[in-house]
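Novice: Sharing a structure here in structure tokens format.
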Amino acid sequence: MFFNMGITRSHLSRLVKQGKTNVTKQPNGYSIYNASDVYGYVGKKRRNLNVIYARFSTSKQKADLVRQIETFNFYSTRHKNCKGFL
2 MFFNMGITRS HLSRLVKQGK TNVTKQPNGY SIYNASDVYG YVGKKRRNLN VIYARFSTSK
62 QKADLVRQIE TFNFYSTRHK NCKGFL
């Protein structure tokens, strides 16, 4: 259920190591995390910044770069979380 909130398995392990949440290991190897700790952490979590990077290697590929940038611009202007385009 935490994966739907953007918390990965490795992130949960890191939270346990940092003492920000508790985990109970089950005999079958599964881990049960303290949900209130994780929900509390998610409320305080910094937002990640997603960056799109495009480049070309040769001058012959410049047209490809222009098309990539146009495509990125098209989708970024329609995405509600996009804050800008450079």
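Taking the working numbering, the leading residue of the sequence shown gets 2, the next gets one more, and so forth. By construction, the Cβ of each residue, glycine as well, lies at the ideal position given by its N, Cα and C atoms. Just so it is clear, the structure is predicted and the values come from calculations on it, not from any experiment.
Starting from Lys18, trace the alpha helix (DSSP H) both ways and give me its first and last residue.
Specialist: 10-18
Novice: Which residues does DSSP pair with Ser37 in a beta bridge?
Specialist: DSSP lists no partner for Ser37.
Novice: Near Ile33, which residues of its chain fall below 6 Å by C-beta distance, leaving aside the five closest residues on each side in sequence?
Specialist: Thr25
Novice: So is Leu66 buried or exposed if we call it buried at 16+ other beta carbons inside 10 Å?
Specialist: Exposed, because fewer than 16 other Cβ atoms sit within 10 Å of the Cβ of Leu66.
Novice: Among Arg79, Thr78, Thr22, Arg15, which residue has its Cα nearest to the Cα of Gly41?
Specialist: Thr22
Novice: Going by the DSSP bridge assignment, what does Thr25 pair with across the sheet?
Specialist: Assignment of beta-bridge partners to Thr25 by DSSP yields Ile33.
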